[in-house]
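Peer 1: To start, I am sharing the structure in question, which I have written as structure tokens.
Number of protein chains: 2
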Amino acid sequence: MTDRRKRGRGERAGLTRQSVLDAALELADRKGLRALSMRALGAELGVEAMTLYHYVPHKDALLDGIVERAVDEIALPAADTNADWRDAMRAYAESLRTTLLRHPGVLPLVATRPAATPGTLRAVERGLTVLRAAGLPLGRSVDTLNALSLFVIAHTAAEVASAPVNEAGAAGSPQALAQLDPRDFPLVAEAARTGAGTDDAERFRFGIQALITGCAALLGEPSRD
Amino acid sequence: MTDRRKRGRGERAGLTRQSVLDAALELADRKGLRALSMRALGAELGVEAMTLYHYVPHKDALLDGIVERAVDEIALPAADTNADWRDAMRAYAESLRTTLLRHPGVLPLVATRPAATPGTLRAVERGLTVLRAAGLPLGRSVDTLNALSLFVIAHTAAEVASAPVNEAGAAGSPQALAQLDPRDFPLVAEAARTGAGTDDAERFRFGIQALITGCAALLGEPSRD
DNA sequence: CGCCGAATCTTACGGCGTAAGAAACGAAAC
DNA sequence: GTTTCGTTTCTTACGCCGTAAGATTCGGCG
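Protein sequences, first through last, are from chains A and B. Every letter in the first sequence is one number past the one before it in the UniProt record's numbering, and letter 190, counting from 1, is 190. Every letter in the second sequence is one number past the one before it in the UniProt record's numbering, and letter 63, counting from 1, is 63.
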């Protein structure tokens with residue numbers, strides 16, 4: 001954010017672990033993960049690459065850091081004890097998706113790394129609280145929350161993967177799919193042509209709804225219409 | 001497979017695109033993605049790094065290739081028109097999981113790249129066929145199949161991520177989780193202590209079951225017990 | 001002032017992906 | 001058998017990467 005162009009002779013950059021992570025996150029989102037090198041990040045901050053090692057022990061820690069920074073942005077599940085847990089979970093999933101989509105550069109990392117940072121733990125704890133308060137057994141609460149978050153992460157990761165940074169349509173785009181031989185893949189071609197199941201947000205909503213409905217059913221909850 | 005140690009003077013290596021991809025896949029699974037460099041792969045095959053560029057235009061294509069090679073191993077959904085689509089999908093999900101788990105090195109790639117290779121298209125087409133034959137509308141078939149595959153991929157990716165190659169327990173392991181302060185995260189700590197929701201296979205089965213049940217419910221299928 | 005710890009820079013090493021071209025081979029053409 | 005030619009393999013080199021080691025410069029405190 002603050003303009004990092006060319007410090008005067010013997011004037012410090014005034015970095016923080018936080019400011020370094022923020023710049024890294026911003027750079028990854030803007031130019032993609034591949035463009036996030038220590039030297040490039042240094043240049044972005046008006047500093048040599050090695051300087052960054054005063055704020056971060058190695059690059060992997062930097063990556064962990066930006067994941068955590070992005071995760072910290074996610075809003076916790078609402079602890080409204082009056083609301084149905086299904087509504088709470090649906091709202092949480094929706095908000096998790098929009099937050100993750102705001103950081104396309106980090107999504108490959110989120111989908112790939114084990115998630116046991118304080119930030120994620122906080123969200124998980126809150127989620128479990130909501131589910132337990134609704135009467136679900138602990139084990140099933142874990143299973144439910146796990147299934148929901150994994151689906152959200154995978155779906156958003158797939159969304160950004162098929163629309164890469166600064167790039168024309170990828171191989172998975174509907175346009176590309178529509179051009180394959182209907183004799184080889186009739187249904188896929190038809191879906192691409194008619195646009196069935198093409199809208200990311202709607203497909204996402206369907207998956208979430210199915211997951212929540214299914215969990216409720218397996219747990220013997222009364223169905224609602 | 002074939003012993004690649006030290007060809008005699010002026011004796012060819014006899015590589016194929018397939019053999020190169022196979023070796024790359026095997027190397028990635030055995031030593032992890034980070035260890036898969038062109039030079040290392042060349043050494044594995046008894047050949048200089050640049051030689052590989054006769055079989056693959058660049059490293060990204062190599063990665064795409066090993067993903068496709070792994071994907072080709074997945075068994076297509078059974079087209080048994082007598083069986084319930086729910087059973088077919090559950091079996092497919094289960095088999096997809098075991099296949100993916102056989103290639104831990106490739107999972108980060110699968111979870112990350114857009115999937116529009118012939119192999120995946122074949123599986124998708126078959127899945128859509130099954131669902132359509134059961135009477136689901138095309139759009140919903142796409143949504144259902146999408147939700148299922150994404151969940152499977154995300155879950156298996158999470159499984160291998162929390163048990164990395166040749167490594168002691170990662171940060172997300174139950175042991176590590178059990179040691180955090182119960183005052184900060186009481187439910188997470190309790191779950192870790194009692195082992196609730198700890199079994200990967202069972203948690204997976206729950207998610208799949210929930211997803212399928214939920215999709216059926218949303219599509220107005222009669223419930224079964 | 002002198003000193004010290006923190007912040008920054010310099011230099012350097014080994015590894016990476018890969019561009020460019022030389023070299024060695026096998027098979028077909030003569 | 002010799003020549004030719006396309007395929008396969010190797011050699012060399014460039015610029016990038018992460019980062020180890022250490023010199024340097026700074027602000028603040030005695």
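Think of the CB as a built atom: it goes at the ideal place given N, C-alpha and C, for glycine as much as any other residue. None of these values were measured; they are calculated from a predicted model.
Could you name each continuous alpha helix (DSSP H) segment of 4 residues or more that falls completely within the UniProt domain "HTH tetR-type" (14-74) of chain A, going from the start of the chain to the end?
Peer 2: The UniProt domain "HTH tetR-type" (14-74) of chain A contains these whole alpha helix (DSSP H) runs: 17-31, 38-45, 59-71.
Peer 1: With a threshold of 7 angstroms between beta-carbons, can B:R203 be considered close to chain A, or not?
Peer 2: Interface residue, yes.
Peer 1: With a Cβ-Cβ cutoff of 7 angstroms, do A:R102 and A:T156 count as a contact?
Peer 2: No, they are not a contact pair.
Peer 1: Does the distance from the CB of B:A176 to the CB of B:R193 come in under 7 angstroms?
Peer 2: Not in contact: B:A176 and B:R193 (Cβ atoms no closer than 7 angstroms).
Peer 1: In the DSSP assignment, the alpha helix (DSSP H) including A:T194 goes from what residue to what residue?
Peer 2: Per DSSP, A:T194 belongs to the alpha helix (DSSP H) from 186-194.
Peer 1: With 16 as the cutoff for other CB atoms within 10 Å, does A:G195 come out buried or exposed?
Peer 2: Exposed: under 16 other Cβ atoms inside 10 Å.
Peer 1: Need the endpoints of the alpha helix (DSSP H) that B:V124 sits in, please.
Peer 2: Here the alpha helix (DSSP H) through B:V124 covers 118-133.
Peer 1: If you compare alpha carbons, which of B:T213, B:A35, B:L25, B:D200 is closest to A:V142?
Peer 2: Per the Cα distances, B:D200.
Peer 1: When you check each C-beta in the region 99-116 of chain B against every C-beta of chain A, which residues fall closer than 9 angstroms?
Peer 2: The region 99-116 of chain B vs chain A, Cβ under 9 angstroms: L107, P108, A111, T112, R113, P114, A115, A116.
Peer 1: Report all residues from its chain with a CB closer than 6 angstroms to the CB of B:D3; omit the five preceding and five following residues, and keep chain order.
Peer 2: Confidence at B:D3 is low in this model, with a pLDDT of 47, below 50, so its placement is unreliable and no value can be given for it.
Peer 1: Would you mind telling me which residues of chain B sit closer than 8 angstroms to A:R132, beta carbon to beta carbon, in chain order?
Peer 2: Here the neighbours are L187.
Peer 1: Quick one, which residues of the region 58-87 of chain A are near chain B if we go by CB-CB under 8 angstroms, in chain order?
Peer 2: Taking 8 angstroms as the Cβ-Cβ cut-off against chain B, none of the residues of the region 58-87 of chain A qualify.
Peer 1: In terms of alpha-carbon separation, which member of A:L136, A:L45, A:R86, A:T16 lies closest to A:L27?
Peer 2: Here the closest residue by C-alpha is A:L45.
Peer 1: From A:M1 to A:R17, what does the alpha carbon distance come to, in whole angstroms?
Peer 2: Confidence at A:M1 is low in this model, with a pLDDT of 45, below 50, so the placement of that residue is unreliable and no value is reported for it.
Peer 1: Tell me the rounded alpha-carbon separation between B:L62 and B:A154.
Peer 2: Their backbone Cα atoms lie some 23 angstroms apart in a straight line.
Peer 1: Please report the distance separating the alpha-carbon of A:R90 from that of B:G14.
Peer 2: Computed Cα separation, rounded: 56 angstroms.
Peer 1: Could you say if the region 117-136 of chain A and the region 71-87 of chain A meet the contact criterion of at least three C-beta pairs nearer than 8 angstroms?
Peer 2: In short, these stretches touch, since the Cβ pair count reaches three.
Peer 1: Return the first residue and the last residue of the alpha helix (DSSP H) that B:E159 is part of.
Peer 2: Taken as a continuous stretch (DSSP letters only), the alpha helix (DSSP H) holding B:E159 covers 138-161.
Peer 1: Which residue's Cα is closest to the Cα of A:A88: A:L36, A:E73, A:I208?
Peer 2: Per the Cα distances, A:I208.
Peer 1: A:G214 and B:A148 - do their beta-carbons sit closer together than 7 angstroms?
Peer 2: According to the sequence shown, residue 148 of chain B is Leu rather than Ala. Not in contact: B:L148 and A:G214 (Cβ atoms no closer than 7 angstroms).
Peer 1: Rounding to the nearest angstrom, what Cα-Cα distance links A:H54 and A:T144 in this structure?
Peer 2: So the alpha carbons of these two residues sit roughly 41 angstroms apart.
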